[in-house]
Each structure stands twice: as C-alpha cells, then as structure tokens.
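Q: If you scroll down you'll find the structure; I have some questions about it.
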Amino acid sequence: MNLTGKTVLIIGLGRTGESVARCVRAHGGHVRIADSHADAVAAAHTQFDVEIRSDDDADGLLRGVQLVIPSPGVPATHPLLREAVRRRVAVQSEIELAYRLLTCPVVAVTGTNGKSTTTALLGEMIRQSGQETFIGGNLGTPLIDAVGTASTVAVAEISSFQLEWVEQFRPQIGVFLNLSEDHLDRHGSFEQYGRTKRRLFARQRRSDWVVMNRDNARVQALCHGLPGRLFSFGWTPVTEDKSEGAWVEAETLVLRHAGREMHFALDDIQLRGRHNIANVMAAVSAATLWGVPPAVIQTVLASFTGLPHRLELVAEKNGVAYINDSKGTNIDAVVQSLNSFSEPVILLAGGVEKGGDYRPLREVVQTKVKKLILFGQAQRSLYAALGQDTETLLVDALDEAVQAAHRGARAGDIVLLSPACASFDQFRSYAHRGEVFRSSVAAL
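What follows is the structure, encoded as structure tokens:
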C-alpha cells in the first residue's frame, strides 16, 4: 500500500494511534490526528510533528483526507466515522493498514476469553522454533509496530473492535477460541458481536487454517461455510479415523494431523483452570499447523507461566491466597476463573457494565463464593442480580474491597479479583486495576 503524499486522519491518540502516526509518516504520508481529550492533544504537540485538532470539526478534519484510521476504542457510531462513510472516504482499522504494509504472514487469535494467553503461548512456541516472531496486537504492542521489522511471522491477538473496519485482512492461521456475551454496549447485540468476530476468517483461502473450538456451539455455527480448512479442538476425542483435531485424555493432549498422532504431557504445565487447558489445545494445534516441532511445543508448555492479571497469584498471607484476575472483564471469564478453585472464594467484582446479563453467574456464586464484595459503577446492578446468593458487601473502591476481604478471610480461602466489568470508571485500564490490587494486597 502506497501512503506517499496521502493525508491520513487518525481518530484517537492512544497507544495504537501513536503507532499508526509513526508508521504513516515513515511511509511518506501526512498525519492528521483528532482527539477529544484536551490533555492528549496538548501532549501530542510535544511528541509528534503532525497536525493535531480537536475532533469537533468534522468538515475541517476530513478535508483532503484519503484514509481514516480509528483507534480500537472509537465506535463505528462516532460522528467523524459516520461523516467519513457518507463522504466515501476510506476507513480502515489499524490491523487492516498493518496487514497491507506487512511483508510477513499473520497468525491471529480471537474469541471472547483467553486471547492474550493463547497468543503469548503460541507466539513463544513459534519463536523458540527459531523464527523471528512478532507477538502483539490487542495483547499490547499494536500489530502495525511489526511493519518494517525483521519478523518472519506476526502472531497477533485480535479483538472484535479491531475487526470492525477490515477488508483484506487475512491470517494464514486463524484461531477462534470461544464466544460468549461481551461488548454488547459496543456491538448492540450478541449476533452482531459474533458476526464481527467471524470477519477474521472471511478473507482466508482454501490453503489457510481455521483452528476452532468444536465444544462451543456458537463458534461452530459461525465457522460454517468459511473458506479456510477447519481444524478443531475440544474435550472429547475425534472419532472418525481420518479426522484431524486435538483433545485431552487424562493428563495428555492428543493431536492428530497429517496421518500422525502426537501426544503432549499436561501434568507439569503451570497454567491453572480448565479454560486454560482449552487455550493450550488451541495454541498447540496452531503451532503444529505452523510446523513447530513437538519437542519445542512440549518445552514451552512446561516453562510458560502465564500473563499478568490473569489468575495471577499476587501473595499468600496467613494461609490466604490473593489472586489477580483483573482481565476477567465479562461474565464467562468470571465463571471460568471461579471454576478453577475448589477452595472457598471471596470475590471482588465491579466496574463499568458492558451490557451483559449477570444472572449466569448465580449458580457458580452460590456454590463457590463465600462472600461477594462489590465496587464501582456496576455494583448496584451486580447486587440486584447476585446479592441474594451469598453474603454481599458494597464498598466505594477496590482498596476498600481488599481490606474488607482481608478482614473476613480465613486460612485456606481465596481472595479473587475477577471484576466481570470494564475498568474505566476508576482506572486507566484492566492492568492499572490489577496493579492497584497488587499494591492494596502488599499494604495489608
């Protein structure tokens, strides 16, 4: 894609917007940035030699623009995007622009939960096989930062937000982990959320792979009719002799591909929870399809410790384990996290609602949670849905929740931060929320 001399409007000056701005300028384009936050606009003037304006002047911002790149947090309903579409100005997501500029193939991971863990695990397997591997995307480092590097493959976590404005984006291997209610405040309905996820695979070719969760009926339905070849993973064996797929038998992951059956030991992996075994199946499947040797896969499985803010053990104090699962921002993620423990749990939850129904949490709260401590904007909604199912306390802030949990915890208990909500009422991000949890635990 030739950007020389073109004017590109970037909406939103976050981490992704900054990376896009650097890339466009490096490719000879002129950058115009729109941001509604005055402090971001002021700070940007000292960082970028580009044109920066407030986003309330649609006519001025779009005049002379050939391409618009919205940051992932900018919804399709944003007035600037609507006006760009009306004027027939091209709109692309950051991953679309990155794909058009990359010289290496892409392996992509999507789904509601487990994307970051699976992406990091898969990327490490490919990297340790000796390939120069970029690992990023929604995981942290924008995919566009891979442009111009020596990477021979880019392994990227892809969110539904990033898929709203893709056209040619095509991963040679795409992984579809699962699908459950999330981001309904953004997409409007569960059906539209699923259709947006499916866009990851729409441009694949018959030579490409779709690694999909055959135990998730919604994923199965969305994978019907895709152009790529299907390779499934799940908990029960593939029964047909010539069928390919991955499954678990006892403490062993079994994978059948190209007339060969491979076995990977799971008894020494450090990831906790049934949902993480599903993530392992997905990563091992994709790594095998990419050609990573089984011995390398087994070595990485034994050494991979997981990512911060995902069932992360922060500390043990007086026999009580404090677990940071700040990335648990939707209902299904919290269910999976709670099901990872047999011990009594004091659950800390709350934040900004994302449009889901909290009632599916009721059964697991009744059976797993000895005390529920709620904070943030969603605490009243959470209380209305779950407050009668276990002892429940409402507090103003996360540090108060940690202190209350500490007072009520006994040896053998788990204090689990798994909020079921977004973080943006009191925190910059889920990572910031997790860091506050760590600090609050350290201060006990």
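According to the numbering used here, numbering within the sequence shown proceeds without interruption in unit steps and concludes at 1402.
No residue lacks a Cβ here, since even glycine has one placed at the ideal position from N, Cα and C.
1) Output yes or no for whether 9 Å exceeds the beta carbon distance between Glu1270 and Asn1282.
2) Look at Val1292 and Ala1378 and say whether their C-beta atoms are less than 9 Å apart.
3) Evaluate the contact criterion for the region 1175 to 1190 versus the region 1345 to 1358: three or more CB pairs, one atom per stretch, below 8 Å.
4) Would you be able to state if there are at least three C-beta pairs under 8 Å between the region 1207 to 1225 and the region 1045 to 1058?
5) If I follow the unbroken alpha helix (DSSP H) through Val1323, where does it start and stop?
6) Beta-carbon within less than 6 Å of Glu1090's beta-carbon, same chain only, minus the 5 sequence neighbours each way: which residues are those?
7) Going straight from the alpha carbon of Arg1396 to that of Gly1069, what length do you get?
8) Quick check: the region 1383 to 1397 against the region 1304 to 1316, are there 3 or more CB pairs under 8 Å?
9) Rounded C-beta distance between Thr1348 and Val1323? I'm assuming under 8 Å.
10) Using the rule of at least 16 other Cβ atoms within 10 Å of the residue's Cβ for burial, across every protein chain shown, is Arg1489 buried or exposed?
11) What whole-angstrom Cβ distance do His1145 and Ser1118 have, given they're in contact under 8 Å?
12) Is the Cβ-Cβ distance between Ala1112 and Pro1063 less than 9 Å?
13) Under 8 Å Cβ to Cβ from Gly1072, same chain only, skipping five residues before and after it: list those, please.
14) Does Lys1312 come out as helix, strand or coil in the three-state DSSP assignment?
15) Would you report the Cα separation of Phe1299 and Arg1218, rounded to the nearest angstrom?
16) Along the chain, which unbroken stretches of the alpha helix (DSSP H) at least 4 residues long are found entirely within the region 1144 to 1185?
17) Alpha carbons only, please: which of Glu1301, Glu1054 and Gly1031 is nearest the one belonging to Arg1368?
18) Got a sec? Which residues, its chain only, sit under 7 Å from Leu1060 by beta carbon, not counting five neighbours each side?
19) Within 10 angstroms of the Cβ of Asn1276, are there 16 or more other Cβ atoms? Answer buried if so, exposed if not.
20) Exposed or buried, what is Ser1074 when buried is set at 16 or more other beta-carbons lying within 10 Å of its beta-carbon?
21) Assuming Ile968 and Ala979 are in contact, meaning their beta carbons sit under 8 Å apart, how far apart are those beta carbons, in whole angstroms?
22) With distances taken between CB atoms, is the gap from Val1168 to Leu1142 smaller than 9 Å?
23) Does the beta-carbon distance from Pro1266 to Gly1183 come in below 9 Å?
24) Quick one: residues in its chain with C-beta nearer than 7 Å to the C-beta of Val1399, no 5 flanking neighbours on either side, listed in chain order?
25) Is DSSP giving Leu1097 helix, strand or coil here?
26) Need the endpoints of the beta strand (DSSP E) that Lys1275 sits in, please.
27) Using CA coordinates, which residue listed in Thr1257, Val1242, Pro1129 and Ala1078 is at the minimum distance from Pro1418?
28) Decide if Gln1120 is buried, meaning its Cβ has at least 16 other Cβ atoms within 10 Å, or exposed.
29) Where DSSP assigns a beta bridge to Thr1210, which residues make up the other side?
30) Check each candidate in Arg1365, Leu1374 and Ala1066 and name the one with the smallest Cα separation from His1170.
31) Using only the alpha-carbon positions, how far apart do Thr974 and Gln1384 sit?
32) Which word fits Asn960, buried or exposed, when buried means at least 16 other C-beta atoms lie within 10 angstroms of its C-beta?
33) Could you spell out where the beta strand (DSSP E) holding Pro1028 opens and where it closes?
34) State the start and end residues of the unbroken beta strand (DSSP E) segment that holds Thr1061.
35) Can you say whether Arg1046 is buried or exposed, counting buried as having 16 or more other CB atoms within 10 angstroms of its CB?
36) With a cut-off of 8 Å on the beta carbons, I'd call Tyr1057 and Phe1148 a contact; round off their distance for me.
A: For this structure:
1) For this step, residue 1270 is matched to residue 312 along the sequence shown. For this step, residue 1282 is matched to residue 324 along the sequence shown. Yes.
2) Working through the sequence shown from its first residue, we reach residue 1292 at position 334. Working through the sequence shown from its first residue, we reach residue 1378 at position 420. The Cβ atoms of Val1292 and Ala1378 lie closer than 9 Å to each other.
3) no
4) no
5) For the purposes of this step, residue 1323 is identified with residue 365 of the sequence shown, where counting begins at 1. Note, Val1323: alpha helix (DSSP H), Arg1320 to Lys1326.
6) Within the sequence shown, the letter at position 132 stands for residue 1090. Short of 6 Å from the beta carbon of Glu1090, and not among the five residues preceding or following it, lie these beta carbons of its own chain, in chain order: Ala1108, Ser1109 and Thr1110.
7) Residue numbering aside, residue 1396 sits at position 438 when the sequence shown is read from its first letter. Residue numbering aside, residue 1069 sits at position 111 when the sequence shown is read from its first letter. Taking the straight line joining both Cα atoms gives about 27 Å.
8) yes
9) In the sequence shown, the residue the question calls residue 1348 occupies position 390. In the sequence shown, the residue the question calls residue 1323 occupies position 365. Yes, Thr1348 and Val1323 are in contact; Cβ-Cβ is about 6 Å, under 8 Å.
10) The question about residue 1489 has no answer, for the chain in this structure spans 959 to 1402.
11) Numbered from its first residue, the sequence shown carries residue 1145 at position 187. Numbered from its first residue, the sequence shown carries residue 1118 at position 160. About 7 Å separates the two Cβ atoms, so the contact holds.
12) By 1-based counting over the sequence shown, the position of residue 1112 is 154. By 1-based counting over the sequence shown, the position of residue 1063 is 105. In this structure, Pro1063 lies closer than 9 Å to Ala1112 by Cβ.
13) Stepping through the sequence shown from its first residue, residue 1072 is reached at position 114. Only Leu1135, Asn1136, His1233, Asn1234, Ala1236, Asn1237 and Ala1240 meet the Cβ criterion.
14) Taking the first residue of the sequence shown as position 1, residue 1312 is located at position 354. Coil, per DSSP.
15) Residue numbering aside, residue 1299 sits at position 341 when the sequence shown is read from its first letter. Residue numbering aside, residue 1218 sits at position 260 when the sequence shown is read from its first letter. Their Cα atoms are separated by approximately 35 Å.
16) Correct list: 1148 to 1156 and 1175 to 1181.
17) Start at 1 with the first residue of the sequence shown, and residue 1368 comes out as number 410. When each option's Cα is compared against that of Arg1368, the closest is Glu1301.
18) Your numbering for residue 1060 matches position 102 in the sequence shown. Excluding residues within five positions, the ones whose Cβ falls inside 7 Å are Ala1104, Val1105 and Ala1112.
19) Numbered from 1 along the sequence shown, position 318 holds the residue referred to as residue 1276. By the 10 Å Cβ count, Asn1276 comes out exposed.
20) Position 116 of the sequence shown, counted from the first residue, corresponds to residue 1074. Flag for Ser1074 reads buried.
21) Counting from one through the sequence shown, the residue named residue 968 turns up at place 10. Counting from one through the sequence shown, the residue named residue 979 turns up at place 21. Confirmed, about 6 Å.
22) Walking along the sequence shown from the start, residue 1168 turns up at place 210. Walking along the sequence shown from the start, residue 1142 turns up at place 184. No.
23) Mapped onto the sequence shown, residue 1266 falls at position 308. Mapped onto the sequence shown, residue 1183 falls at position 225. No, these two residues do not count as a Cβ contact at 9 Å.
24) Here the question's residue 1399 lines up with position 441 in the sequence shown. The residues are Val1272, Ala1273, Tyr1280 and Val1360.
25) On the sequence shown, position 139 is the one that residue 1097 refers to. In the structure shown, Leu1097 sits in coil (DSSP, three-state: anything other than H, G, I, E or B).
26) Counted from its first residue, the sequence shown places residue 1275 at position 317. Residues Glu1270 to Lys1275.
27) A question about residue 1418 goes unanswered here, because the residues of the chain that appear run from 959 up to 1402.
28) In the sequence shown, the residue the question calls residue 1120 occupies position 162. It is buried - the Cβ of Gln1120 has at least 16 other Cβ atoms within 10 Å.
29) As a first step, residue 1210 is located in the sequence shown; it is residue number 252 there, counting from the start. DSSP lists Glu1207 and Ala1223 as partners of Thr1210.
30) As a position in the sequence shown, residue 1170 is number 212, starting the count at 1. Here residue 1170 turns out to be Met, not His, going by the sequence shown. Looking at the Cα atoms, Ala1066 is the closest of the given residues.
31) Taking the sequence shown and counting its residues from 1, one reaches residue 974 at position 16. Taking the sequence shown and counting its residues from 1, one reaches residue 1384 at position 426. Whole-angstrom Cα-Cα distance: 22 Å.
32) Locating residue 960 in the sequence shown gives position 2, counting from the first residue. Under this definition Asn960 is an exposed residue.
33) Position 70 of the sequence shown, counted from the start, is the residue given in the question as residue 1028. Per DSSP, Pro1028 belongs to the beta strand (DSSP E) from Leu1025 to Pro1028.
34) As a position in the sequence shown, residue 1061 is number 103, starting the count at 1. Here Thr1061 belongs to no beta strand (DSSP E), and DSSP marks it neither H nor E.
35) On the sequence shown, position 88 is the one that residue 1046 refers to. Arg1046 is exposed by the Cβ-count criterion.
36) The residue you call residue 1057 lines up with position 99 of the sequence shown. The residue you call residue 1148 lines up with position 190 of the sequence shown. That belief does not hold up - the Cβ atoms of Tyr1057 and Phe1148 are roughly 27 Å apart, past 8 Å.
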